[in-house]
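Below is one structure; the comments refer to it alone.
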Amino acid sequence: MEIDFKLIEEKWQKRWEAKRVFEAKENSKIPNYYVLEMFPYPSGSGLHMGHAWNYTIGDILARFKLMNGFNVLHPMGYDSLGLPAENAAIEAGTHPADYNKKSITNYIKQQKALGLTYDWSRMISTDNPEFYKWDQWIFLKMLEKGLAYQKESAVNWCPKCNTVLANEQVVDGKCWRHDGTNIETKHLNQWFFKITNYADELYEGIKNLDWPERTKTMQKYWIGKSYGTEIDFEVGGEKWPVFTTRPDTIFGVTFVVVSAQHKKLWDLVKDKQKKEVEKFLKTVKSVSEKEMAEMEKEGVFTGSYAINPVNGEKVPIYVGNFVVADYGSGMVMAVPAHDKRDFAFAKKYGVPIKVVIDPKDFEIDSKKITEAYVEGGTLINSGEFDGLENDEAKKKITKFLEKKSLGREVINFRLRDWGISRQRYWGTPIPIIHCGDCGAVPVPEKDLPIELPKKVKFGKGNPLLTNAEWLNVPCPKCGKNAKREADTMDTFVNSSWYFMRYCDSKNKKAIFSKDKISKWCPVDSYVGGAEHACMHLIYSRFYTKFLRDLGLVEFDEPFKKVFHQGMLHAEDGSKMSKSKGNVVLPEVVSGKYGIDTARFFLSSLASPDKDIDWNEKGIIGSKRFIAKIFDFYDENMNGAARRTHKALNSGSYSEKLEAKLNNVIKNVTGYYDNFKYRKATIELRELFDLMHLEKKVSKKAFEDFLKLLNPICPHITEELWEKLGNKKFISNSSWPKYNEKKLKILNKEIDVNSKVIENVFETIKRVEEKGKKISKVYLYVLPFEISKYQIPKLKKALGKEIILYSVKDDEKHDPENKSKKARPGMPGIYFE
RNA sequence: GCGGAUGUGCCGGAGUGGUCAAACGGGACAGACUCAAGAUCUGUUGGCUUAUGCCUACGAAGGUUCAAAUCCUUUCAUCCGCACCA
Numbered sequence: 000m001e002i003d004f005k006l007i008e009e010k011w012q013k014r015w016e017a018k019r020v021f022e023a024k025e026n027s028k029i030p031n032y033y034v035l036e037m038f039p040y041p042s043g044s045g046l047h048m049g050h051a052w053n054y055t056i057g058d059i060l061a062r063f064k065l066m067n068g069f070n071v072l073h074p075m076g077y078d079s080l081g082l083p084a085e086n087a088a089i090e091a092g093t094h095p096a097d098y099n100k101k102s103i104t105n106y107i108k109q110q111k112a113l114g115l116t117y118d119w120s121r122m123i124s125t126d127n128p129e130f131y132k133w134d135q136w137i138f139l140k141m142l143e144k145g146l147a148y149q150k151e152s153a154v155n156w157c158p159k160c161n162t163v164l165a166n167e168q169v170v171d172g173k174c175w176r177h178d179g180t181n182i183e184t185k186h187l188n189q190w191f192f193k194i195t196n197y198a199d200e201l202y203e204g205i206k207n208l209d210w211p212e213r214t215k216t217m218q219k220y221w222i223g224k225s226y227g228t229e230i231d232f233e234v235g236g237e238k239w240p241v242f243t244t245r246p247d248t249i250f251g252v253t254f255v256v257v258s259a260q261h262k263k264l265w266d267l268v269k270d271k272q273k274k275e276v277e278k279f280l281k282t283v284k285s286v287s288e289k290e291m292a293e294m295e296k297e298g299v300f301t302g303s304y305a306i307n308p309v310n311g312e313k314v315p316i317y318v319g320n321f322v323v324a325d326y327g328s329g330m331v332m333a334v335p336a337h338d339k340r341d342f343a344f345a346k347k348y349g350v351p352i353k354v355v356i357d358p359k360d361f362e363i364d365s366k367k368i369t370e371a372y373v374e375g376g377t378l379i380n381s382g383e384f385d386g387l388e389n390d391e392a393k394k395k396i397t398k399f400l401e402k403k404s405l406g407r408e409v410i411n412f413r414l415r416d417w418g419i420s421r422q423r424y425w426g427t428p429i430p431i432i433h434c435g436d437c438g439a440v441p442v443p444e445k446d447l448p449i450e451l452p453k454k455v456k457f458g459k460g461n462p463l464l465t466n467a468e469w470l471n472v473p474c475p476k477c478g479k480n481a482k483r484e485a486d487t488m489d490t491f492v493n494s495s496w497y498f499m500r501y502c503d504s505k506n507k508k509a510i511f512s513k514d515k516i517s518k519w520c521p522v523d524s525y526v527g528g529a530e531h532a533c534m535h536l537i538y539s540r541f542y543t544k545f546l547r548d549l550g551l552v553e554f555d556e557p558f559k560k561v562f563h564q565g566m567l568h569a570e571d572g573s574k575m576s577k578s579k580g581n582v583v584l585p586e587v588v589s590g591k592y593g594i595d596t597a598r599f600f601l602s603s604l605a606s607p608d609k610d611i612d613w614n615e616k617g618i619i620g621s622k623r624f625i626a627k628i629f630d631f632y633d634e635n636m637n638g639a640a641r642r643t644h645k646a647l648n649s650g651s652y653s654e655k656l657e658a659k660l661n662n663v664i665k666n667v668t669g670y671y672d673n674f675k676y677r678k679a680t681i682e683l684r685e686l687f688d689l690m691h692l693e694k695k696v697s698k699k700a701f702e703d704f705l706k707l708l709n710p711i712c713p714h715i716t717e718e719l720w721e722k723l724g725n726k727k728f729i730s731n732s733s734w735p736k737y738n739e740k741k742l743k744i745l746n747k748e749i750d751v752n753s754k755v756i757e758n759v760f761e762t763i764k765r766v767e768e769k770g771k772k773i774s775k776v777y778l779y780v781l782p783f784e785i786s787k788y789q790i791p792k793l794k795k796a797l798g799k800e801i802i803l804y805s806v807k808d809d810e811k812h813d814p815e816n817k818s819k820k821a822r823p824g825m826p827g828i829y830f831e
């Protein structure tokens, strides 16, 4: 039968919307569930099947939860501020605001056609001043709490984006949006958020998250907590601290290296070394960050010496290209015998090497050492600490230094503060006014939002600087002429808390009400790309903790569970892209096969966290399945067919089908709950095949099947549900329950003896037909089954001598190794 | 270099000690229906020319076990992330 998918889809989408089936209920007492997919940046080219699949993954869960009696919040919105919109608009010769409006309208239309369960009444878009007003409000709060600050610093500059980027947005020394563009270093006055204040909590919280392991590992690495010791080296009467995780090797220090970008570098450089250092710094500056990482370790002597606090030794200080300026103190103690980098450096410049850790299994010698020994061992050449295991020595040496006020135990993090200033137009304006007298003055809360002026000139530099009317304002403090901060905030500030705004998206008085936020948040299941592991997913955690400390929310983590969907590739396995012309559009798919068919097909291809390829042939198989369901309804379930079957149909269904149905309900329920959609489709197919085979199936069983299928194929199941005479929505019906007692009938236990008799009898017959005489039958059975076997019974039935062995019996007679063949319920058999 | 993941039939992919030559789907082949194509249905789809049998197989090589795709060791390959954080 030909199914008119389009007709069915539109019919149900209209009805769902009219009856507001998917709007979350504010005053309901049933338990809440918050499902969220990462909101998109609305691109002009609309969504393709890959995006559609992403939303479908969340949608299936939302539908499943709804039928399981939850009050589901499943909202959608648009991340409409940011560079892509600005660039796309410039390219199209329109204003970003207009460009966005058009894109969003198109997105909503497309998403509605997918039958997604969004509660559109809560929709947000970040370019709405009613939204970004609260970005600014948060900024003011950060400022108030000392978490927002300005500093002149070396920042990552993308020449293509024409703006600064956060560390998280630099990938391999290149821009995260332009992978062919090297990041340059610029020194600018920038605003930062002190995310590092939360470094420890962000780090320690990771282990309790129900997130993909790889994402947690990545965050852990990104935050990078390390325990170590800060040791003061004396240089010219002043204390210069260095950070090390290996205080046990302190006696092996033969030089010290300071970063080429160190703020106080010139304090160390002696006059006669000046020229050489200057020359060296030039070579360092001329290379990009990426090349730097691959460069050989190089450096020059500064002319200064540092005094090792444990033994008073004077060691030379070098300036080196491999020391990170803003980690630790930007200066390191070098122990060439026990660190790879220090070893390479020492070899290159002929610095002495001193072994202080003695490996247990072999010997190394300071003179003949060919590579750094970085493992543990026993301390040698370390004065009073000789003979200690190095782990023990770490503690003892740190204690020793602490006592003498020469060092202390410290924890260091890799995480840096988040630079949020962007020299671009289409972002949240930073609510600051720069006054010649008062400095950076925060805009009073009552003046928020500071809206982006529509009139600006795009071209060179920051467009906001081109609107004098907007830019020049009186200082809120003294009233003198002043200028607005013209930088805007990083687009990630918007996504850091947008999921909270859905809970109370129309609130004009506050960012959200406390009641509403605690009703819905944290998000129960969050679906989105893995590429956000170290950006959005860290920033959101930071924001959540900050808002908690403001007393606005009561939870510590924004997302209980995170799920990363796989990418949907084009048929040839390559990425879908407009330029390649391989984009699969949901409208087209929907017209050809129906959107439910596509949902079923994509669900059945692979686990949703895996990358999959679109396959035009494969989807036909799913269409066949759906057509079969309709045919089955026509042949067996419609009014006429049911009347004919009535007599046969009265007792519901066969025992086998009943057991299968109960099993499938049980399993599929678990599958939906854990994003194992593929397995759900498999069991649903099996169940349907059995129904198809038996034909005479009760209405209830068929309805249960439809319910189980509904999250994946919502439109067609609604349609059939209605055809069966149901008046309410299947989407609102309750999830089928299974009966524990009916589960096991499928694998009924059969008496081993009779099964064995049957089998062995057949085999004996065949063998004897060939002229072989059999007198003895050896059976090798599993140890835990041996008690089930009854020798007299077997003997009587088979008329042969029976010798029974446990498969583990060392003494058994088994010339052909038949004991290996033993399985549960069936022994290994050997005849004589 | 470090960290994480993966490796199963023609393909996508289940299976994590026993009833596994391996679910489910796709593809292919054969047959039924049809004038024909499509759709649908049935069967086959590692090898061995009779099989409730034997052999070969779950990246490769060893090992543990009565029994291994599943556990252990080593190794190779692919993918992803980080990249001098002392």
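Residue numbers for the first sequence follow numbering that gives the first Met the number 0, so the first one is 0 and each next one is one higher. Heads up, the beta-carbon is just placed ideally off N, CA and C, and yes, glycines get one too.
Rounded distance between the beta-carbons of residue j and residue i, thought under 8 angstroms
| i | j | result |
| --- | --- | --- |
| W133 | I510 | 4 angstroms |
| I594 | G114 | 6 angstroms |
| F192 | M122 | 27 angstroms between Cβ atoms; not a contact. |
| P211 | H563 | 6 angstroms |
| S79 | N99 | 5 angstroms |
| S589 | E1 | In fact, because the Cβ distance is near 15 angstroms, the residues do not count as touching under 8 angstroms. |
Rounded C-alpha distance that separates residue i from residue j
| i | j | result |
| --- | --- | --- |
| K456 | P462 | 5 angstroms |
| P95 | W425 | 7 angstroms |
| A165 | G418 | 5 angstroms |
| G438 | C477 | 11 angstroms |
| P335 | V252 | 7 angstroms |
| P443 | A481 | 15 angstroms |
| A833 | E721 | The chain is shown from 0 up to 831; residue 833 falls before or after that span and cannot be answered. |
| C520 | E25 | 13 angstroms |
| N816 | M825 | 15 angstroms |
| N181 | I681 | 48 angstroms |
| Q109 | S602 | 20 angstroms |
| T377 | E362 | 11 angstroms |
| G724 | D199 | 59 angstroms |
| G49 | R415 | 34 angstroms |
| N666 | W734 | 13 angstroms |
| E468 | K479 | 15 angstroms |
| P902 | Y777 | Residue coverage of the chain in this structure runs from 0 to 831, which leaves residue 902 outside it and unanswerable. |
Proximal residues to residue i (C-beta, below 8 angstroms), its chain only, five neighbours per side dropped
| i | result |
| --- | --- |
| V766 | I773, F830 |
| G382 | F250, V309, N310 |
Cβ neighbours of residue i in the same chain (closer than 7 angstroms, five flanking residues each side left out)
| i | result |
| --- | --- |
| D523 | Y32, Y33, V34, K559, K560 |
N- and C-terminal bounds of the alpha helix (DSSP H) containing residue i
| i | result |
| --- | --- |
| E36 | Counting along the chain, E36 falls outside any alpha helix (DSSP H), though it belongs to the beta strand (DSSP E) covering 31-36. |
| W519 | 513-519 |
| N53 | 48-66 |
Start and end residues, beta strand (DSSP E) containing residue i
| i | result |
| --- | --- |
| G302 | 298-306 |
| L164 | 162-164 |
| E800 | 800-805 |
| P315 | 313-319 |
| Y785 | Here the sequence assigns Ile to residue 785, which means Tyr is not the residue at that position. No beta strand (DSSP E) contains I785, which DSSP labels as neither H nor E. |
Neighbourhood of residue i by C-beta, 6 angstroms cutoff - its chain only, sequence neighbours within 5 removed
| i | result |
| --- | --- |
| S606 | R677 |
| L719 | Y632, L705 |
Three or more beta-carbon pairs under 8 angstroms between the stretch 442-458 and the stretch 392-407, yes or no? no
Can at least three beta-carbon pairs, one atom from the stretch 540-549 and one from the stretch 580-597, be found at a separation below 8 angstroms? no
Taking three-plus beta-carbon pairs below 8 angstroms as touching, is the stretch 475-494 in contact with the stretch 416-434? yes
Could you say if the stretch 77-91 and the stretch 41-53 meet the contact criterion of at least three C-beta pairs nearer than 8 angstroms? yes
Any contact of the stretch 213-226 with the stretch 300-308, i.e. 3+ C-beta pairs under 8 angstroms? no
Count the C-beta pairs between the stretch 104-120 and the stretch 147-157 that are closer than 8 angstroms, then say yes if the count reaches three, no if not. no
Sufficient close CB pairs (3 or more, under 8 angstroms) joining the stretch 569-582 to the stretch 215-224: no
Taking contact to mean at least 3 C-beta pairs separated by less than 8 angstroms, is the stretch 71-78 in contact with the stretch 163-178? no
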